[in-house]
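The sequence shown begins at 254 in the working numbering and counts up by one.
We treat Cβ as the ideally placed atom computed from N, Cα and C, and that holds for glycine.
On a predicted model such as this, the values are computed, not experimentally measured, just so you know.
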Amino acid sequence: MDTSGITLQQHRALSGEISCTVFDANVRVPDTTRVSEVDGGWKVIVDALAGERITMGNNAAELTASSTTSWPASARTRRRSSAPAARPVARCSES
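Structure follows, in structure tokens:
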């Protein structure tokens, strides 16, 4: 990231987390630092993002599974009854 033409701008979220926006202007990448063939960067980033999505999905699934196992057994196995969840409220008439 110390290549000429690359600028980083930090942003701090309300939670305190820091993220960065990367700006590039006329950046030349030496052949020794390329990660794929010339003009092949799109495939590299798509593959990386696909891996990230899989990881995030697995993390979310694990969190969901672990949170529902702590529920009481009655909440995990209860079947819906035919009774409505709430009774209808009578409408007020205008006077």
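The beta carbon of C273 sits closer than 8 Å to the beta carbons of L261, Q262, Q263, H264 from its chain, once the five residues preceding and following it are set aside; these are given in chain order. If the five residues before and after A266 are omitted, its C-beta is found closer than 8 Å to the C-beta atoms of S272, all from its own chain and listed in chain order. Residue state for L302 is assigned as helix, using DSSP reduced to three classes. Between the alpha carbons of V288 and E270 lies a distance of about 28 Å. Annotation: L267 is outside any beta strand (DSSP E) and is labelled neither H nor E by DSSP. Assignment of D284 by DSSP, reduced to helix, strand and coil, places it in the helix class.
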